[in-house]
Amino acid sequence: MPKVEFLFDFGSPNAYLAHKVVPGIEARSGARFEYVPILLGGIFKLTGNRSPMEAFAGIKNKREFMRIEMGRFIRKHAISAFQLNPHFPVNTLTLMRMAAAASIDGGLAPLVEAAFHHMWEEPKKMDDPAVLQTALAASGLDAERLLARSQDVDAKTLLMAST
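Under this note's numbering, the residues of the sequence shown are numbered 1 to 163, in order.
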């Protein structure tokens, strides 16, 4: 069975959209996706790049084209719950450290569902610690434990290594 590493950051709307089509790809292909938390901002920095919103800010019609393409993808895959987050861009460092910790502890899938939901379906300011904890707790997760684990060396080390 083929394995695909899916490197993701909750702050990326494209990661959310890709996440929504992963189950169909797995069903059609037999491949299994392994979710790997990374810091997209860290990758931009390491590669000397900037986010598309920054990089294409001065290019006429580029943002509009990106919006049109995103709409096409959403319609093609019948993704009905997506909303742009009014707080975008959101600093996802703590959230991605939580994901690294959850990956180590074997509980990544429920966090992925909850975090993407609160970032892109019921958009919240997920870099506000109180908002983050309330949202994750509302999704049935032990937000206090995840927040504490996000500060542990193993979670930080894994996230840095994956990035």
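Just so it is clear, CB atoms sit at the ideal spot from N, CA and C, and this is done for glycine as well.
From a predicted model like this one, the values you see are computed outputs, not experimental measurements.
- Burial is judged here by how many other beta carbons sit within 10 angstroms of a residue's own beta carbon; Ala130 has fewer than 16 and is exposed.
- The Cβ atoms of Ser80 and Leu40 lie no closer than 7 Å to each other.
- A residue is called buried when at least 16 other Cβ atoms come within 10 angstroms of its Cβ; Asp154 does not meet this threshold and is exposed.
- The stretch 49 to 67 makes no contact with the stretch 126 to 146, as fewer than three CB pairs between them are under 8 Å.
- Taking C-beta atoms under 8 Å as the contact rule, Pro37 and Ala100 qualify, at a distance of about 5 Å.
- Annotated three-state conformation of Val36 is strand, per DSSP.
- Unbroken alpha helix (DSSP H) runs of no fewer than 4 residues, entirely contained in the stretch 88 to 153, are found at 93 to 105, 108 to 116, 129 to 138 and 143 to 149, following chain order.
- Annotated three-state conformation of Leu84 is coil, per DSSP.
- The way I'd put it, the stretch 96 to 116 does touch the stretch 9 to 27; three or more beta-carbon pairs between them come closer than 8 Å.
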